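In terms of numbering that gives the first Met the number 0, the sequence shown opens at residue 0 and continues consecutively. Quick reminder that beta carbons are idealized off the backbone N, C-alpha and C, glycines included. Please read these numbers as outputs of a predicted model, since none were measured by experiment. Reading through the structure tokens given below for one structure.
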Amino acid sequence: MNVVMVGAHQDDEMSAVGTLLKCAARGDSVSLVSISNGDKGGQFDPSIPHDEISRIRIAECTAVAEALGGHYYCLGQEDEYIADTRETRDQLTELLRVLKADLVLTSPPNDYNPDHIITGEIVFHAVMLTTVRTMTWEAVPLERTPAMYYVDSTGGIGFEPTDYVDISDVFERKLEICALHKSQMANMATFGGWDLVTYAKVVNRYRGLQCSVEYAEAFRAEMRWPRAMPYDFLPKGVRPGVKV
Numbered sequence: 000m001n002v003v004m005v006g007a008h009q010d011d012e013m014s015a016v017g018t019l020l021k022c023a024a025r026g027d028s029v030s031l032v033s034i035s036n037g038d039k040g041g042q043f044d045p046s047i048p049h050d051e052i053s054r055i056r057i058a059e060c061t062a063v064a065e066a067l068g069g070h071y072y073c074l075g076q077e078d079e080y081i082a083d084t085r086e087t088r089d090q091l092t093e094l095l096r097v098l099k100a101d102l103v104l105t106s107p108p109n110d111y112n113p114d115h116i117i118t119g120e121i122v123f124h125a126v127m128l129t130t131v132r133t134m135t136w137e138a139v140p141l142e143r144t145p146a147m148y149y150v151d152s153t154g155g156i157g158f159e160p161t162d163y164v165d166i167s168d169v170f171e172r173k174l175e176i177c178a179l180h181k182s183q184m185a186n187m188a189t190f191g192g193w194d195l196v197t198y199a200k201v202v203n204r205y206r207g208l209q210c211s212v213e214y215a216e217a218f219r220a221e222m223r224w225p226r227a228m229p230y231d232f233l234p235k236g237v238r239p240g241v242k243v
């Protein structure tokens, strides 16, 4: 299966890294996509030029993708000014076709940052367009619309999951991968002293509590037709003691 995580920024995949690790372990192809170039993510040191911050963040996300055994793609919109334009829809639709996406993960529609909200809207449209045969570029239209899931909102605020993935067995590896975003470890510390590792420990433990495991990541399925499907796309595993 081909799994694609589409975020606004380089580090938005952190909400799903444990799940992506498990996807890779079962043989899935994993790809990370950022809509923006991340050039405003240098609040920890505003003296660093925007183009340098962008370069740093793209390199960090590339390292994350490599740690997941996958690839990274950046569509290059300006950070904090993401817009749902025809060009961006076309770019993402074409990329999802090239990647032959089966499962697409993205930011939820009620997240805190407008870039996240708009990214989710772009993904919603692009997922639908992947199969439209009257819209052609170089890549062949997909035969079936990819499944679409939203990752957890920032802080879990206002997010009601439909699905959980137990990441207890890969959680320590997730923390190591979180730390690859060195610039954003520093950047997030400007928001109340948090960082990506501490954040994951709190949020994933809380989501684990909700589904009776040690650590979990939460998702919500996009149920609008034709994205809802009667299949398990997420690597949930089998409940202990249950025969299949």
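For the putative contact between T61 and Q76, defined by C-beta atoms under 8 angstroms, what is the C-beta separation to the nearest angstrom? Actually they do not touch by this definition, with Cβ atoms about 18 angstroms apart.
Using the rule of at least 16 other Cβ atoms within 10 Å of the residue's Cβ for burial, across every protein chain shown, is A178 buried or exposed? So A178 counts as exposed.
Could you check whether the segment 61-75 touches the segment 4-23, counting it as contact only if at least three pairs of C-beta atoms, one from each stretch, sit closer than 8 angstroms? In the pairwise beta carbon analysis, the segment 61-75 is classified as touching the segment 4-23: at least three pairs are separated by under 8 angstroms.
Just checking my contact of K21 with V164 at CB under 8 angstroms: how many whole Å lie between their CB atoms? Between V164 and K21 the Cβ distance is about 7 angstroms, and since that is below 8 angstroms, they are a contact.
Using beta-carbon positions only, say whether E216 and D168 come within less than 8 angstroms of one another. By the CB criterion at 8 angstroms, E216 and D168 fall outside the cutoff.
Using the beta-carbon count (16 or more within 10 Å), is Q209 buried or exposed? Flag for Q209 reads exposed.
Taking only the alpha-carbon atoms, compute the straight-line gap between A100 and H8 and give it to the nearest angstrom. In this model, A100 and H8 are separated by some 20 angstroms (Cα to Cα).
Which value, in whole angstroms, describes the spacing of the CA atoms of Y111 and M0? When rounded, the distance between both Cα atoms is 31 angstroms.
Cβ neighbours of D194 in the same chain (closer than 7 angstroms, five flanking residues each side left out): The residues are M184, M187, A188.
For P140 and V131, which I take to be in contact (beta-carbon distance under 8 angstroms), what is that distance rounded to the nearest angstrom? Sure, about 6 angstroms apart at Cβ, within 8 angstroms.
Would you mind giving the Cβ-Cβ distance between I81 and S35, rounded to the nearest angstrom? I have them listed as a contact below 8 angstroms. Right, the Cβ-Cβ distance comes to about 6 angstroms (below 8 angstroms), so this counts as a contact.
What residues are listed by DSSP as bridge partners for H70? DSSP lists S30 as partners of H70.
Would K39 pass as a contact of E79 if the rule is Cβ separation under 8 angstroms? Closer than 8 angstroms, so yes.
Give the list of continuous beta strand (DSSP E) stretches no shorter than 3 residues that lie fully inside the segment 95-166. Along the segment 95-166, the beta strand (DSSP E) occurs as fully enclosed runs of 3 or more residues at 102-105, 146-150, 162-165, listed in sequence order.
With which residues is V169 paired in a DSSP beta bridge? Under DSSP, V169 shares a beta bridge with no residue.
Go to M187, then tell me how far its alpha helix (DSSP H) extends in each direction, as first and last residue. According to the DSSP assignment, M187 belongs to the alpha helix (DSSP H) that extends over 181-187.
Taking a contact to mean a Cβ-Cβ separation below 8 angstroms, would you say R25 touches P160 in this structure? Against a cut-off of 8 angstroms, the Cβ pair of P160 and R25 comes out as no contact.
Could you check what DSSP says for M222 in three-state terms: helix, strand or coil? Reduced to three states, the DSSP call for M222 is coil.
Considering only the alpha carbon of each residue, which of W136, T133, L104, R54 lies closest to I121? Here the closest residue by C-alpha is L104.
Do G6 and T118 have their C-beta atoms within less than 8 angstroms of each other? Cβ atoms of G6 and T118: closer than 8 angstroms.
If you count every other CB in all the chains shown that lies within 10 Å of the CB of P107, and 16 or more means buried, which is it? The residue in question, P107, is buried, as its Cβ has 16 or more Cβ neighbours within 10 Å.
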